[in-house]
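Take the sequence shown: its letter number 297 is residue 297 in the working numbering, and every next letter is one higher.
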Amino acid sequence: MSAQKILNLIWYPWVCGNQTFGHTISCGFGRVYKGRLESSNQIVAIKQLDRNGLQGNREFLVEVLMLSLLHHPNLVNLIGYCADGDQRLLVYEYMPLGSLKDHLHDLPSDKKRLDWNTRMKIAAGAAKGLEYLHDKANPPVIYRDLKCSNILLDEGYHPKLSDFGLAKLGPVGDKTHVSTRVMGTYGYCAPEYAMTGQLTLKSDVYSFGVVLLEIITGRKAIDNSRSAGEHNLVAWHEMKKDSDIAFVSPQSVIQILRGVLLGNARPLFKDRRKFSQMADPMLQGQYPPRGLYQALAVAAMCVQEQPNMRPLIADVVTALTYLASQKYDPETQPVQRPTSGSSTPRMRRDMR
């Protein structure tokens, strides 16, 4: 569909000549500026797409359509757009805390580290945004580009999914998947999608699992600066994990998640030294051992190789909402320390 047809179908404020450009805050398929709308003095983020990029133009059309129809507290709000000649601008609400990536990876020494409670809040909020796309939107929407840099943070670290240029309408009726050209970011793409181009809602669940692992461990999805065997976060996580949960039936996925939350699931880590090594060192031991184990178990379910073994995002929301409600207080709860031998009595007691 042409830009002119979209303009005929959906009206938004015409902002081409009504904004003040500020400094560049990020780059992708173009540049993103922090700006101000003169009519209201509202601070906004303005994405200026690359005029020479065909992919950027297609993404522009998809994003305008998607964000015109989709509205949720955990999705970024599109304020307006401009399609004038070869100029393509998208105007969003401004997210003052940047992206999740800015708070997890390559942090400057003077930047505040995310504590455990904030991490679980962000994970639960991002999952709710994905749940809206999968379960509330009609037809369902496959996000297809879930990653830390696309999770933006508002005041109070309230997460919102952004950048819907790669989104696709999901399968309807008796269809099980959508066949499409493989797009997305290496390290986040589900293996079956990368190999076959068959896209399902469970492809997004895999990507969410990778993001959750990043939130827990502080590691990047792909990090070639690390030693051999640690470049790929999912592969490293599988190496650390003792239990193989790929044998379960799809019907028992939610039972396993419930078992994890209730504390009666089969142990994921037999060696507690491996368990403690999964936590982001930046947490400095300030996390609940049981909460860490439960969050890792949810992530492990999401990154199962077989898509039918992954949970529905609604089940993930249930689990993470519970974890986010269990506040950790470093003043009253013990700080965990790396163990060189078996787990301490304190950790054994907390994990029961």
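Idealized CB from N, CA, C, for every residue including glycine. Only a predicted model underlies this, so the values are computations on that prediction, with no experimental measurement involved.
With 16 or more other Cβ atoms from the protein chains shown falling within 10 Å of its own Cβ, D204 counts as buried.
Judged by DSSP in its simplified three-state form, C82 adopts strand. Secondary structure within the stretch 147-205: the alpha helix (DSSP H) runs of 4 or more consecutive residues, fully enclosed, are 191-196 (chain order). Within the same chain, Cβ atoms closer than 8 Å to the Cβ of I313 are found at A127, L130, E131, H134, D135, L201, D204, V205 and F208, the five residues on either side in sequence being excluded. Here the alpha carbons of H105 and P73 stand approximately 25 Å from one another. Secondary structure at E93: strand, using DSSP grouped into helix, strand and coil. In this structure, V91 sits away from G98, with a CB-CB distance that is not shorter than 7 Å.
Between K168 and R144, the gap from beta carbon to beta carbon is short of 7 Å. Under a 10 Å Cβ-count criterion, D86 is classified as exposed, with fewer than 16 other Cβ atoms of the shown protein chains found around its own Cβ. Residue pairing from DSSP places V44 in a beta bridge opposite G35 and E93. Note that the stretch 309-327 touches the stretch 111-128; at least 3 beta-carbon pairs, one per stretch, sit closer than 8 Å. In the DSSP assignment, A126 falls within the unbroken alpha helix (DSSP H) covering W116 to E131. Assignment of N232 by DSSP, reduced to helix, strand and coil, places it in the strand class. In the displayed model, Q87 falls within a strand according to three-state DSSP. For Q294, the uninterrupted alpha helix (DSSP H) segment begins and ends at P289 to C302. V335 is positioned such that its CB atom lies no closer than 7 Å to that of Q277. DSSP links I222 through a beta bridge to N232. Counting the other Cβ atoms within 10 Å of the Cβ of T196 gives fewer than 16, which makes it exposed. For the pair C148 and V234, the CB atoms are not nearer than the 7 Å cut-off.
Here the C-alpha atom of L67 lies approximately 30 Å from the C-alpha atom of S325. In the same chain as I222, and ignoring 5 residues on each side of it, the C-beta atoms closer than 8 Å to its own belong to Y186, G187, H231, N232 and L233, in chain order. Only residues of its own chain outside the window of five on either side were considered, and among them Y157 have a CB closer than 7 Å to the CB of T118, listed in chain order. Residue nearest to L153 within the set V178, R181 and P96 is P96 (criterion: CA-CA distance). DSSP places Y322 in the uninterrupted alpha helix (DSSP H) bounded by I313 to S325. R181 and Q294 have their alpha carbons spaced roughly 35 Å apart. Short of 7 Å from the beta carbon of A299, and not among the five residues preceding or following it, lie these beta carbons of its own chain, in chain order: G209, L212, L213 and I216. Of the residues assessed, L166 falls on the buried side of the cut-off, its CB having 16 or more other CB atoms within 10 angstroms.
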